[in-house]
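Student:
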Amino acid sequence: EEIASAQKRMKGLYLSDNQLIGTVPAEICGLYRTEDLFLDSNKFEGALPWCMGNMANLRRFFAFNNGFSGWIPGDLLDLPHLVDIGLEDNKFTGGMELNCRRGVGSMNIWADCNELAGGCDCCEMCCGDENSC
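As structure tokens, then:
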């Protein structure tokens, strides 16, 4: 119970380049105070948990260089504090919903080298408003 309580207060989870395999469990969304979530350069696969759109304090999310697939959770891009998101070098598919729908502030999005419909093949995107993507 004490560990679970401490995890909910965690500000950052840095798992980069650890050769981790499998899917990311939905329980990761319980880290609702987390500001930095780095899952990059591992061997994760499958879809990102849809509940990640509930991680309201998330500022930086890096999941590049893995085997993630499926749709990018749309609510993830609506998070009020998210400024950096790196999704390149995965197998994401579906429509490109990286429209910076917030339209407030700026968000740096790296989504190149995925299989996304609607553009963004092998390009870096930096969005300052909803018309810049």
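Heads up, my numbering is the position in the sequence shown plus 1, with the first residue counted as 1.
Yeah, the Cβ is synthetic: ideal placement off N, Cα and C, and Gly gets one too.
The model shown is predicted, which means the values in this text are computed figures rather than measured ones.
Candidates N55, I22 and F62: which alpha carbon is nearest G13's?
Tutor: Here the closest residue by C-alpha is F62.
Student: Can you tell which of G31, L83 and F65 has its C-alpha closest to the C-alpha of N91?
Tutor: Cα-wise, what sits closest to N91 is F65.
Student: Would you call the CB atoms of K44 and I22 closer than 9 Å?
Tutor: Yes, the pair counts as a contact, with Cβ atoms nearer than the cut-off.
Student: Return the first residue and the last residue of the beta strand (DSSP E) that M108 is part of.
Tutor: M108 to W111 is the span of the beta strand (DSSP E), which, as asked, contains M108.
Student: Decide if E131 is buried, meaning its Cβ has at least 16 other Cβ atoms within 10 Å, or exposed.
Tutor: Residue placement at E131 cannot be trusted, given a pLDDT of 44 that sits under 50; what the coordinates show is reported in the next sentence. So E131 ends up on the exposed side.
Student: Enumerated in chain order, which unbroken segments of the beta strand (DSSP E) with a length of 3 residues or greater are wholly contained in the segment 48–84?
Tutor: Listed in chain order, they are 61–63 and 68–71.
Student: Give the single residue among F39, P26 and I86 whose Cα lies nearest to the Cα of G47.
Tutor: Checked all of F39, P26 and I86; the closest Cα to G47 is P26.
Student: Please check the pair P81 and A57, which I expect to be a contact at CB under 8 Å, by giving their CB distance rounded to whole angstroms.
Tutor: Sure, about 7 Å apart at Cβ, within 8 Å.
Student: What would DSSP say about E46, mapped onto helix, strand or coil?
Tutor: If DSSP states are grouped into helix, strand and coil, E46 belongs with the strands.
Student: Which residues share a DSSP beta bridge with L14?
Tutor: According to DSSP, L14 bridges with L38.
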